[in-house]
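S.K.:
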Amino acid sequence: MSSTVIDADAPLTTEAESRVAVATQRQLIWWRFKKHKLAVVSAAIVLAFYLVTAFADTIAYSEPFDSQAARSYIPPQPIHWFDAGGKFHPQVYALKGKRDPRTFKLSYAPDAGDPRDLALFAHGYPYRLFGLFPTDIHLFGVSNGRATDALFLLGTDQLGRDVFSRLVLATRTSLTIGLVSVALSLVLCVLLGGISGLFGGWTDTVIQRVIEILRSIPTIPLWMGLAAAIPASWSPEQVYFAITIIISFIGWTELARVVRGRFLALREEDFIVAAELAGASRLRIIFKHMVPSFLSHIIAATTLALPAMIISETTLSFLGLGLRPPAISWGVMLQDAQNLETLGLAPWLLVAALPVIVVILAFNFLGDGLRDAADPYG
Amino acid sequence: MSAAATVLDVRGLRKYFPIRSGLFRRNTITVRAVDDVSFSIARGETLSLVGESGCGKTTTSRCILRAIAPTGGEIIFHAASGEDIDVARLDRKSLRPLRRQMQMIFQDPFSSLNPRMTIAEIIGEPLLVNGMSDSAARNARVAELLELVHLPSAYLNRFPHAFSGGQRQRIGIARALALNPALIVADEPVSALDVSVQAQIVNLLLELQDRLGLSYLFVAHDLSVVKHVSHRVAVMYAGRIVETAPTEALFTTPRHPYTEALLSAVPVPDPRRRAQRIVLEGDVADPFSPPTGCHFHPRCRYATEQCRVETPALTEIAPGHAVRCLRARELSLSGVAAPG
Amino acid sequence: MAEPILSVRDLKTYFVGDEGTVRAVDGTSFDLFPGETLGIVGESGCGKSVTARSILRIVERPGRIVSGEILLRKSDGSVVDLVKLPSDGAQMRAIRGGEIGLVFQEPMSSLSAFHTIGNQLVEAIRLHAPLSKRAARARAIELLAMVGIPRPAQRVDAYSFELSGGLRQRVMIALALAAEPRILIADEPTTALDVTTQAQILELIRRLQQERGLAVILITHDMGVIAEMTDHVVVMYLGHEVETGPVDAIFHAPAHPYTRSLLRSIPSVLAAPRSRLATIAGSIPHPFARPSGCPFHPRCPDYMRGPCDQTFPEEVAIGESHAAACHLYTGAHAAAPA
Chain U
96 MSSTVIDADA PLTTEAESRV AVATQRQLIW WRFKKHKLAV VSAAIVLAFY LVTAFADTIA
156 YSEPFDSQAA RSYIPPQPIH WFDAGGKFHP QVYALKGKRD PRTFKLSYAP DAGDPRDLAL
216 FAHGYPYRLF GLFPTDIHLF GVSNGRATDA LFLLGTDQLG RDVFSRLVLA TRTSLTIGLV
276 SVALSLVLCV LLGGISGLFG GWTDTVIQRV IEILRSIPTI PLWMGLAAAI PASWSPEQVY
336 FAITIIISFI GWTELARVVR GRFLALREED FIVAAELAGA SRLRIIFKHM VPSFLSHIIA
396 ATTLALPAMI ISETTLSFLG LGLRPPAISW GVMLQDAQNL ETLGLAPWLL VAALPVIVVI
456 LAFNFLGDGL RDAADPYG
Chain B
50 MSAAATVLDV RGLRKYFPIR SGLFRRNTIT VRAVDDVSFS IARGETLSLV GESGCGKTTT
110 SRCILRAIAP TGGEIIFHAA SGEDIDVARL DRKSLRPLRR QMQMIFQDPF SSLNPRMTIA
170 EIIGEPLLVN GMSDSAARNA RVAELLELVH LPSAYLNRFP HAFSGGQRQR IGIARALALN
230 PALIVADEPV SALDVSVQAQ IVNLLLELQD RLGLSYLFVA HDLSVVKHVS HRVAVMYAGR
290 IVETAPTEAL FTTPRHPYTE ALLSAVPVPD PRRRAQRIVL EGDVADPFSP PTGCHFHPRC
350 RYATEQCRVE TPALTEIAPG HAVRCLRARE LSLSGVAAPG
Chain V
-2 MAEPILSVRD LKTYFVGDEG TVRAVDGTSF DLFPGETLGI VGESGCGKSV TARSILRIVE
58 RPGRIVSGEI LLRKSDGSVV DLVKLPSDGA QMRAIRGGEI GLVFQEPMSS LSAFHTIGNQ
118 LVEAIRLHAP LSKRAARARA IELLAMVGIP RPAQRVDAYS FELSGGLRQR VMIALALAAE
178 PRILIADEPT TALDVTTQAQ ILELIRRLQQ ERGLAVILIT HDMGVIAEMT DHVVVMYLGH
238 EVETGPVDAI FHAPAHPYTR SLLRSIPSVL AAPRSRLATI AGSIPHPFAR PSGCPFHPRC
298 PDYMRGPCDQ TFPEEVAIGE SHAAACHLYT GAHAAAPA
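From first to last, the protein sequence lines are chains U, B and V. FYI, the numbering for the first sequence is 96 to 473, going by my numbering. FYI, the numbering for the second sequence is 50 to 389, going by my numbering. FYI, the numbering for the third sequence is -2 to 335, going by my numbering.
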């Protein structure tokens, strides 16, 4: 008698395999994603950036519009971690104004004799946390005196504004524009791509030709044209929205083709035919069968589209076509670094390029990891 | 055969695909994927539709289920209630109730189940969509169906990726049986499976037919499997049926040269039977430009000048045995040996 | 008896992955003689394709040959162990195509869609022989004629997608034989083809073998093809060969329970209509859940508690060139085949 003849229909029996057997698609994707170390690290970096975005005002310590020409082009001020006695006592040196006897020009320079204590959760300029709660606590500042006199972690620009605070606030602007643009694009592309793929025929042909025409227009001239059309009288917020819409308007075409492709492929899948033959309504087939199938793909494609949106905004603003001062974004900050003379005098103004590079890379690796994780089973 | 004993009558089924080409899409060639196909299936019977690639058997099966719309002909389904429905002419709305009566089993066990649904949801979907909203009732029925196909009900909450090809096919069969159909169209249900698993599924299909009185339209290219499952066989070539006969008669005394060649080409698992093979020249007829007259004449060793000119009709030459060949009565062809 | 042209000895090819190691080929041995057709038959997961790829050293990562020997007797009489050669070295490249040709299962994906078949043939020819382009092209046309392609002088400039499945497979065979190898390995060459086309291709392989004295390894899951085409058979299960023998013995006196069960479960045109098929209990084990002892024991109708689930059965000679790896025939548990 053979007691180990396995029942003809016993599937996998080990503990680990049972876990896999009841794992939903989402869990499987998560497990696969975790294996990509680079993608996981990138996800952490992206998350960190968005945390900065959420707490932008808290992390900044100088009011971004507080300009004082006399403080212009001050190099980054280091933190002195230990005081004269050797104790751990983070300090920065305050600035002292000095009037040049010959030109009578007032200029500021750090004064080693006037140290200010660096403090966490110090008071600074007032703002609203999340736009709701009025407060003036910032992540760090100086405990004796005003932060604007002493703290210049990344130096100042031509107008005497603190670069570090501006950078943090620029991060908020640049990253949220990207997000909003992508969300708009997503809606457009799922809608149009889905209609195109599902209904086929003339609808499909028309939509595809429109996409091709849009894609064949050279982007920079198109942006220039659209940006020039924005009335100069609009407020920074209005300009912000206009730019967002312009960027998403061009960006949706890429995703729409992906969505259409997925719908076309899915239409022929046997399980879709089986659902039709069972009598499922079209709506049910779309939402219960098709959309979940390509959702992960769309998320991956979206994550890869974000860096493109960020670069678009940065480029536009850098060229002076996008956001304009007093709005702050990475592109606007880089605009200040445009001429060689300035660069020679104040190379720290280029620091705005760093977060751009880091974020783009991080999003790309994250998107790759997501796509690889979502892909194995269609 | 009395009408009540027949479950499906197909008469003159046609499916043509117009292919537009040219710069302005004006030149149209018509591909006659299914060209005047007629057959009938009795209650509790299995009719196999065999042929090679491009013969139109898959298109035929999809037409019968109205997964695609036929170009012409009649598909009469005789419901148990007594009414006769022409599937070819139904509008979309009336199709729904009919769906309960005819279901399909697919070839590829990997793409026929939605990977994001549990098997309870997959098998329960036809029930849910057809009005069984009470989930307790649904689960009971799903458990019943799993038992019918010999799958343990403990696996209700697992996803398809946890199962082997053979098990997935069983799940697909359970799904097809959910609404108690009278006719099941099985499109190459075992060709993607290993030999030993194939045997299990074939046995299961035979068992279900005995238990539930099902009729099968079995579409296949593997003649050995066909021998095991069919009551009757219809051979298709280039969109037309060239021979229909009871299984034993078709295999031992074929009357069409293509059937003879097909049977001779099947490798027999016995080294002592390496008989002289009929090896056909050339490729299977191109559906875009099929030969004139009898589609098979360019490859047929018995073809005459007449065969190139005249298209033969499907005629009955013995009870239950019909052939589409001008020379059917004069030719004496060889089949496989009788079981012994 | 003549010397074997290819000897595989205790070949082990493993795939090491995150979730564990898959022992795709786990100790297979067989000999191939000149002019003979050896059939390797088994179901999915038995390792037959990986064996072919191991012989040609084209196993994809993360697979690697862990141990064993693949002894090739070259045309000059010397014997070289293919396992010891670097897989991308000049010697191995000369052997691929020059000594051993390979025909794959899917002719569509094995031929480049971007080059004419003439280009691909010329490339294969010139890799192994110092011919001018014109001479190579003439040879390519000869090869196409040899494999039975009508109007070869015109077809040589066709692209693979312009040809039917049967014609493409003939081109694959021409490519495999372009450099005149003495061994041809055909991995499921007709599985993707219609049955009448399959008959043509098998006929072609048989004719070419006779004309050129090739040694052929035919890998398939179809027992009918094995019965038709082969002289000697290796039956594989989960990476091991479980039985080897002359084709007649395998079909008419199978010794291993798996072989017997397999033969009983195959459908045949000779069976009575609507007869049930004998089945093998259970299903092929998951590669990570290998049974202990004999890999077939959980499904074996002749299972014996004790030896079968504990020790791996060594191969035992049953008859002339006929051997089986089964405890029914080893030592104290020897019993006459049922």
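For each residue, glycine too, the CB sits at the ideal point set by N, CA and C. From a predicted model like this one, the values you see are computed outputs, not experimental measurements.
#1: In terms of alpha-carbon separation, which member of LEU261/B, GLN218/B, ASP271/B and ALA225/B lies closest to ILE250/B?
#2: Specify the secondary structure class of LEU177/B as computed by DSSP and reduced to three states.
#3: Would you call the stretch 333 to 345 of chain U and the stretch 270 to 280 of chain U touching, i.e. three or more CB-CB distances under 8 Å?
#4: Show which residues of chain U have a CB atom less than 7 Å away from the CB atom of ASN179/B.
#5: Name, please, each residue of chain B whose Cβ falls closer than 9 Å to the Cβ of GLU200/V.
#6: Of the choices PHE460/U, LEU416/U and ILE140/U, whose alpha-carbon is the least far from that of THR314/U?
#7: Check whether the Cβ atoms of PRO238/B and GLN156/B lie closer than 8 Å to each other.
#8: How close, in whole Å, do the beta carbons of ALA246/V and HIS319/V come, if the pair is a contact with beta carbons under 8 Å?
#9: So VAL334/U contacts chain B; which residues on that side make the cut at Cβ distance below 7 Å?
#10: My assumption, with CB atoms under 8 Å, is that TYR204/B sits in contact with ILE168/B. Please give the rounded CB distance.
#11: With DSSP run on the structure shown, which of helix, strand or coil describes VAL13/V?
#12: Any idea what DSSP makes of ASP212/U, helix, strand or coil?
#13: 8 Å is my cut-off, CB to CB: does PHE300/B come that close to chain V?
#14: What residue range is occupied by the uninterrupted alpha helix (DSSP H) comprising TYR307/B?
#15: Check LEU414/U in the structure and name its three-state DSSP category.
#16: Considering only the beta carbon of each residue, do GLY163/V and ASP332/B sit closer than 8 Å?
#17: Could you spell out the range, first to last residue, of the alpha helix (DSSP H) harbouring ARG141/B?
#18: Let me know the secondary structure DSSP gives ASP73/V once reduced to three states.
#19: Chain B partners of PHE248/V, CB-CB under 9 Å?
#20: State the beta-bridge partners of LEU68/V as determined by DSSP.
#21: Write down every uninterrupted run of the alpha helix (DSSP H) in the stretch 248 to 311 of chain B whose length is 4 residues or greater and which is fully enclosed by it, in chain order.
#22: Does MET153/B get closer than 8 Å to chain U when you measure Cβ to Cβ?
#23: Taking the beta carbon of GLY115/V as the centre, do at least 16 other beta carbons fall within 10 Å, making it buried, or is it exposed?
#24: Counting only Cβ-Cβ distances shorter than 9 Å, please list the residues of the stretch 369 to 400 of chain U near chain B, keeping chain order.
#25: Going by the beta-carbon positions, is the gap between LEU264/U and PRO159/U smaller than 8 Å?
#26: For ASP365/U, decide whether its Cβ has a neighbour in chain B, counting only Cβ atoms nearer than 8 Å.
#27: Helix, strand or coil: how does DSSP classify PHE155/B here?
#28: Restricting to Cα atoms, I'd like to know which of HIS346/B, THR341/B and LEU147/B is closest to ILE134/B.
#29: Using a Cβ-Cβ cutoff of 8 Å, what residues of the stretch 239 to 266 of chain B are near chain V? List them in chain order.
#30: Just by C-beta distance, which residues in the stretch 160 to 185 of chain B are closer than 7 Å to chain U?
#31: Check GLU240/V in the structure and name its three-state DSSP category.
#32: Using a Cβ-Cβ cutoff of 8 Å, what residues of the stretch 177 to 208 of chain V are near chain B? List them in chain order.
#33: Helix, strand or coil, according to DSSP, for LEU98/B in the structure here?
#34: Measure from the C-beta of VAL372/B to each C-beta in chain U and report whether the shortest distance is under 8 Å.
#35: Could you compute how far the alpha carbon of ALA139/U sits from the alpha carbon of MET385/U?
#36: Less than 7 Å between C-beta atoms, sequence neighbours within five positions excluded: which residues of the same chain meet that for ALA129/B?
M.R.: The answer reads as follows:
#1: GLN218/B
#2: helix
#3: Because the criterion of three Cβ pairs below 8 Å is met, the stretch 333 to 345 of chain U and the stretch 270 to 280 of chain U touch.
#4: Taking the beta carbon of ASN179/B as reference, the chain U residues within 7 Å of it are GLY374, listed in sequence order.
#5: ARG326 and VAL328
#6: Residue LEU416/U holds the alpha-carbon nearest to the alpha-carbon of THR314/U among PHE460/U, LEU416/U and ILE140/U.
#7: yes
#8: A Cβ-Cβ separation of about 5 Å places ALA246/V in contact with HIS319/V under the 8 Å criterion.
#9: Correct list: empty, because the minimum Cβ distance to chain B is about 43 Å.
#10: 7 Å
#11: strand
#12: strand
#13: yes
#14: 306 to 314
#15: coil
#16: The beta carbons of GLY163/V and ASP332/B sit closer together than 8 Å.
#17: 141 to 148 is the extent of the alpha helix (DSSP H) around ARG141/B.
#18: coil
#19: PRO318, ASP319, PRO320 and ARG321
#20: Secondary-structure assignment with DSSP links LEU68/V through a beta bridge to SER4/V and ASP78/V.
#21: 272 to 278 and 296 to 301
#22: Closer than 8 Å to the CB of MET153/B there is at least one CB belonging to chain U.
#23: The residue is buried, with at least 16 neighbouring Cβ atoms inside 10 Å.
#24: ALA369, ALA370, GLU371, LEU372, ALA373, GLY374, ALA375, SER376, ARG379, LYS383, HIS384, PRO387 and SER388
#25: yes
#26: yes
#27: When secondary structure is reduced to three states using DSSP, PHE155/B falls in the coil class, being assigned neither helix nor strand.
#28: LEU147/B
#29: Those residues of the stretch 239 to 266 of chain B that come within reach of chain V (Cβ to Cβ, closer than 8 Å) are ASP243, VAL244, SER245, VAL246, GLN247, ALA248, GLN249, VAL251, ASN252 and LEU255.
#30: SER160, SER161, LEU162, ASN163, PRO164, ARG165, GLU174, PRO175, VAL178 and ASN179
#31: strand
#32: ASP191, VAL192, THR193, THR194, GLN195, ALA196, GLN197, LEU199 and GLU200
#33: strand
#34: no
#35: 31 Å
#36: ALA231
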